[in-house]
Every structure is written in C-alpha cells, then in structure tokens.
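Visitor:
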Amino acid sequence: MFDWTMGKKILPATKRTIPRPFSFEWGKGQVIEEASIKVQMNQHSWEPAVQLLRFDDGSETLRFCVFHGKQFSRMPLLISPDELDTLFEEASKHLQIRTRLMKSASRLR
C-alpha cells in the first residue's frame, strides 16, 4: 500500500481577495468568506477551500472546492482526514463559515 503522507506538508494558503465575484449559469454573486490551506507533496501543491457564497438575490451557500495556485479547479475536492482537520481548524477562524459548519455538524450523531 502506498503511503500518501510521505513528504506531504500542510501550509498556510494563498490569500485571495474577499469579496470577489463568482458566476454560474443559474446565478452570480460574491465570495464573502473563504478558509483554505495549502497542501504540498513532492513538487505538486493544491489548496482545499471552503467558501461562503452570497448570490445577488441574498441566498447563501457553502462551496467546498480546490485551487491549483491562484486558479480555481473544476474538479471534485478530495481531502484526507488530516487535511480536513486542518481545513476545519482554519475555517474556525471565519465566523460565518464556522457558524454554518457547526450548525450542520450538530446533525451528525
């Protein structure tokens, strides 16, 4: 079995401008909060993130996503338990994201 943790480092992420616009076919708005970490392994790095999106109609949603450098990646977020723990630790520093995650996590029993 391959050990994916060999040579892996979890570092502070790139700071991106907040708020900033986003756009989907069904609506647009602003990224109003973002928590992210940087994972580096060998010569590759990526940044798992949790974003609070506010649509122009006022509705809000959380997006779990990944960046490669400064570029948003349209691939699914794959995250190991230690990365998820570190991402949630970072998310705890962002009031609105933390509040939504805690409310949802309270349903896990």
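In this note's numbering, the protein residues as written are 37 to 145. Don't be surprised by glycine CBs; every beta carbon is placed ideally from N, CA and C.
Can you tell me which of ASP118, GLN132, GLU70 and ILE133 puts its alpha carbon nearest to the alpha carbon of VAL102?
Guide: Here residue 102 refers to the residue found at position 66 of the sequence shown. Here the closest residue by C-alpha is GLU70.
Visitor: Please list the segments of the beta strand (DSSP E) lying wholly inside the region 43 to 87, counting only runs of 3 or more residues, in order along the chain.
Guide: You should have 44 to 48, 56 to 60 and 63 to 77.
Visitor: With 16 other CB atoms within 10 Å as the buried threshold, where does TRP82 fall?
Guide: For the purposes of this step, residue 82 is identified with residue 46 of the sequence shown, where counting begins at 1. It is buried - the Cβ of TRP82 has at least 16 other Cβ atoms within 10 Å.
Visitor: Evaluate HIS80 with the Cβ neighbour count: other Cβ atoms within 10 Å of its Cβ, from every protein chain shown; 16 or more gives buried, anything less gives exposed.
Guide: The residue given as residue 80 occupies position 44 in the sequence shown. By the neighbour-count rule (16 or more Cβ atoms within 10 Å), HIS80 is not buried but exposed.
Visitor: Counting contacts by CB-CB distance shorter than 8 Å, is LYS74 in contact with chain B?
Guide: No chain B appears in the structure shown, which is made up of a single protein chain.
Visitor: From the DSSP output, read off the bridge partner residues of LEU144.
Guide: Indexing the sequence shown from 1 puts residue 144 at position 108. Answer is none; LEU144 lacks a bridge partner.
Visitor: Since I believe PRO55 is in contact with ILE68 (beta carbons under 8 Å), could you give me their beta-carbon distance rounded to a whole number of angstroms?
Guide: Translated into the one-based positions of the sequence shown, residue 68 becomes position 32. Translated into the one-based positions of the sequence shown, residue 55 becomes position 19. ILE68 to PRO55, Cβ: 5 Å. Contact.
Visitor: Does the Cβ of PHE38 have 16 or more other Cβ atoms within 10 Å, making it buried, or fewer, making it exposed?
Guide: Here the question's residue 38 lines up with position 2 in the sequence shown. The predicted position of PHE38 is uncertain, since its pLDDT is 47 and thus under 50; a value taken from the coordinates is nonetheless stated next. It counts as exposed.
Visitor: What distance in whole Å lies between the Cβ atoms of ILE133 and VAL28, which are believed to be in contact at a cut-off of 8 Å?
Guide: In the structure as shown, the chain starts at 37 and stops at 145, and residue 28 therefore has no counterpart that could be examined.
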